[in-house]
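Novice: Chains as they are written, first to last, in my numbering: chain A, 1372 to 1662; chain B, 269 to 555. We treat Cβ as the ideally placed atom computed from N, Cα and C, and that holds for glycine. The following block contains the structure, expressed as structure tokens.
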């Protein structure tokens, strides 16, 4: 683990030098498009050009939350995404010992510079405009957004979208939850936006907001384990007709994208994803869809 | 040799030579400056635009379509910054001045006030603004008292107490820079302590520290946006939201540009005030 930051610093230094100096004339190795001859479907460990040869570096944010990860330790293979990441790695031929986790803040994951991970797993929703900046693997989970409120609050008893119109709603910045507020609920008061879900949960408990929008599995985790006397009010309908899906994020034009997608597809086909969903996200049934 | 030069004044050969030399020197330095600027510009352009990652950086940071889409939300967020800045600047200046006066008050009976003012400047100059904001915007509503003010007022309060501590120290430096003989002279004329402060000390003190005060206000203009961590959407938060939707960093560039444009007049005023103060001080004694 010690070697990783040094390695990263070196990479950053070279990038900075290339940008700042006349040294820029020397072409730097860039992740070009897949050399199609080899990558067709040769996805063995030997063929994969990962960040560190023989290792698979998986990125995720710091901190990470249940039920996606457990104890903020992605390397323990627990939680839905922890388990999916390990399953993808196994599929590609990497043992648990050959998987290295890198903590990557959201902005770094989507920035144009060199990536510090082979793929990043952190509830990234696939949208066409995001595809212009990064590669996505095949989707591994279909998600909906849900509203959480305190039982005592008027929103806690809401049964329709209309009853949410005048509510003060909050969400984490950069999430599709926030988008669901502005595009589906369209409240009359401006929503409040938080740096992370911990701040948003504190605001809900304080009464600074009436309702908090989260993805459905997180919503159930929050109401059952984190905030007393709170309730999942219901699911929000999809903003567009297409369902929202989570995908793994890779560098734009990464040679790994087809192989990672293939691994995800295989896990879906053999029922592994369904099993993991049942194991880690079993609670999500039974929230009414608000209309 | 008094009076104007005669009409048939003709500069000597030597003077003509001097004038020509000066003209040549001027032309030469303009040419050198232009050439140097051109070389630096070309090298920078080549280094940035010629780098292998430039096309992607250009698409990520300078996408005109994303910029157009970001402009209205970011400008709307900036309006929050502007309103908050106006309120916080006035309140922090008033608080800072009051604390500075309390810290420098002389009569012994005011010792507790001096201690309070001193500990306030110690604590709030040391405490990071973000932590003060958390305490105000999350801690105070958590008490669930009736009549808790809105998040904007609480967040603004956190900014005011933090910046008030900085401004208090600047004002105090100004007050202490007024020479003791000024006070002595005022008191010997029969002015009370309060009158001395009001008519003799403060006018000189405030004028002297105007440049650093304005500098702090420029910093405040950028820091009011930190209120976004309590939930309200400021310019940078608005940019962040669009960046998350598009995975494109152009909205930040839009917000940054707007901030620079907004700060430019204040910075220009600061420079002008500094220049004027310097001129006045160097001309002391001629009046």
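How would you list, in chain order, the residues of chain B whose beta-carbon sits under 7 Å from the beta-carbon of residue 1579 (chain A)?
Specialist: Those are 409, 419 and 499, listed as they occur along chain B.
Novice: Can you list the residues of chain A that residue 512 (chain B) reaches, using a CB-CB cut of under 7 Å?
Specialist: Here the neighbours are 1544 and 1545.
Novice: Work out the CA separation of residue 310 (chain B) and residue 497 (chain B) for me, nearest whole Å.
Specialist: If you take the alpha carbons of residue 497 (chain B) and residue 310 (chain B), they lie about 41 Å apart.
Novice: Report the option in B:342, B:450 and B:436 whose CA atom is closest to the CA atom of residue 523 (chain B).
Specialist: Nearest option by C-alpha distance: B:342.
Novice: Can you give the Cα-Cα distance for residue 1441 (chain A) and residue 1561 (chain A), rounded to whole angstroms?
Specialist: Rounded to whole angstroms, residue 1441 (chain A) to residue 1561 (chain A) spans 33 Å at the Cα level.
Novice: What are the complete alpha helix (DSSP H) segments, minimum 4 residues, inside the segment 1510-1583 of chain A?
Specialist: Qualifying alpha helix (DSSP H) stretches, in chain order: 1547-1551 and 1568-1577.
Novice: If you run the structure through DSSP and keep just helix, strand and coil, what is residue 286 (chain B)?
Specialist: Residue 286 (chain B): helix per DSSP, three-state reduction.
Novice: If you drop the 5 nearest sequence neighbours on each side, which residues of the same chain put their C-beta closer than 8 Å to that of residue 447 (chain B)?
Specialist: Correct list: empty, nothing qualifies.
Novice: Can you tell me which of B:292, B:337, B:298 and B:495 puts its alpha carbon nearest to the alpha carbon of residue 398 (chain B)?
Specialist: For residue 398 (chain B), the nearest C-alpha among the options comes from B:495.
Novice: Quick check: what's the CA-CA separation for residue 1570 (chain A) versus residue 1435 (chain A)?
Specialist: Each residue's alpha carbon lies about 14 Å from the other.
Novice: Using the Cα positions of residue 1348 (chain A) and residue 514 (chain B), report the straight-line distance between them to the nearest angstrom.
Specialist: Any question about residue 1348 (chain A) goes unanswered here, given that chain A covers just 1372 to 1662.
Novice: Does the beta carbon of residue 1570 (chain A) come closer than 8 Å to any beta carbon on chain B?
Specialist: Yes, residue 1570 (chain A) lies at the interface with chain B (some Cβ there is under 8 Å from its Cβ).
Novice: Return helix, strand or coil for residue 419 (chain B), following the three-state DSSP convention.
Specialist: Looking at residue 419 (chain B) - three-state DSSP - the assignment turns out to be helix.
Novice: Can you find a C-beta in chain A that's less than 8 Å from the C-beta of residue 406 (chain B)?
Specialist: By this cut-off, residue 406 (chain B) is an interface position.
Novice: Going by DSSP in three states, residue 439 (chain B) sits in which element: helix, strand or coil?
Specialist: Correct three-state label for residue 439 (chain B): helix.
Novice: Pairs of beta-carbons, one from the segment 1620-1636 of chain A and one from the segment 1499-1509 of chain A, closer than 8 Å: are there three or more?
Specialist: Output reads yes: the segment 1499-1509 of chain A touches the segment 1620-1636 of chain A.
Novice: Identify the continuous beta strand (DSSP E) that holds residue 524 (chain B) and give its terminal residues.
Specialist: Looking at the DSSP string, residue 524 (chain B) is not in any beta strand (DSSP E); the run it does join, the alpha helix (DSSP H), is 518-550.
Novice: Looking at C-alpha atoms only, which residue of B:316, B:401, B:340 and B:305 is the closest neighbour of residue 499 (chain B)?
Specialist: When each option's Cα is compared against that of residue 499 (chain B), the closest is B:401.
Novice: Closer than 9 Å between beta carbons: that is the criterion. Which residues of the segment 1499-1520 of chain A meet it against chain B?
Specialist: Those would be 1500, 1501, 1502, 1503, 1504 and 1505, in chain order.
Novice: Relative to the alpha-carbon of residue 1621 (chain A), which residue among A:1568, A:1490, A:1529 and A:1514 has its alpha-carbon at the smallest distance?
Specialist: Of A:1568, A:1490, A:1529 and A:1514, the residue nearest in Cα terms is A:1490.
Novice: Considering Cα atoms alone, identify which of B:508, B:292, B:433 and B:328 is closest to residue 396 (chain B).
Specialist: Looking at the Cα atoms, B:433 is the closest of the given residues.
Novice: Who pairs with residue 1431 (chain A) in a beta bridge, going by DSSP?
Specialist: Answer is A:1474, bridged to residue 1431 (chain A).
Novice: So, using beta-carbon positions, are residue 484 (chain B) and residue 438 (chain B) closer together than 8 Å?
Specialist: Yes, they are a contact pair.
Novice: By the DSSP assignment, the alpha helix (DSSP H) with residue 403 (chain B) in it spans what residues?
Specialist: Neither: residue 403 (chain B) is in no alpha helix (DSSP H) and is coded neither H nor E.
Novice: When DSSP labels each residue in this structure, what does residue 457 (chain B) get in the three-state scheme?
Specialist: Looking at residue 457 (chain B) - three-state DSSP - the assignment turns out to be coil, as it is neither helix nor strand.
Novice: Can you grab the Cα-Cα spacing for the pair residue 489 (chain B) / residue 1446 (chain A), in whole Å?
Specialist: Taking the straight line from one Cα to the other gives about 43 Å.
Novice: Rank A:1453, A:1529 and A:1437 by C-alpha distance to the C-alpha of residue 1619 (chain A) and give the top, closest one.
Specialist: With distances taken between Cα atoms, residue 1619 (chain A) lies closest to A:1453.
Novice: If you draw a straight line from the alpha carbon of residue 385 (chain B) to that of residue 477 (chain B), how long is it in whole angstroms?
Specialist: Computed Cα separation, rounded: 20 Å.
Novice: Hey, out of A:1529, A:1540 and A:1557, whose CA is closest to residue 1565 (chain A)'s CA?
Specialist: The candidate whose alpha carbon is nearest that of residue 1565 (chain A) is A:1540.
Novice: Residues of chain A with CB closer than 7 Å to the CB of residue 516 (chain B), please, in chain order.
Specialist: Result: 1504.
Novice: Taking the runs of the alpha helix (DSSP H) that are 4 residues or longer, which of them lie wholly in the segment 1573-1660 of chain A?
Specialist: Listed in chain order, they are 1587-1592, 1628-1640 and 1643-1651.
Novice: Please report the straight-line C-alpha distance between residue 436 (chain B) and residue 548 (chain B), rounded to a whole angstrom.
Specialist: If you take the alpha carbons of residue 436 (chain B) and residue 548 (chain B), they lie about 25 Å apart.
Novice: Any contact of the segment 354-365 of chain B with the segment 1528-1544 of chain A, i.e. 3+ C-beta pairs under 8 Å?
Specialist: With the cut-off at 8 Å, the segment 354-365 of chain B and the segment 1528-1544 of chain A do not touch.
Novice: Between which two residues does the alpha helix (DSSP H) containing residue 345 (chain B) stretch?
Specialist: Taken as a continuous stretch (DSSP letters only), the alpha helix (DSSP H) holding residue 345 (chain B) covers 332-372.
Novice: Between A:1591, A:1518, A:1456 and A:1557, which has its C-alpha nearest residue 1665 (chain A)'s C-alpha?
Specialist: The requested residue 1665 (chain A) is not part of the displayed model; chain A covers only 1372 to 1662.
Novice: Taking all protein chains shown into account, do 16 or more other C-beta atoms lie within 10 angstroms of the C-beta of residue 1593 (chain A), making it buried, or fewer, making it exposed?
Specialist: Residue 1593 (chain A) should be labelled buried.
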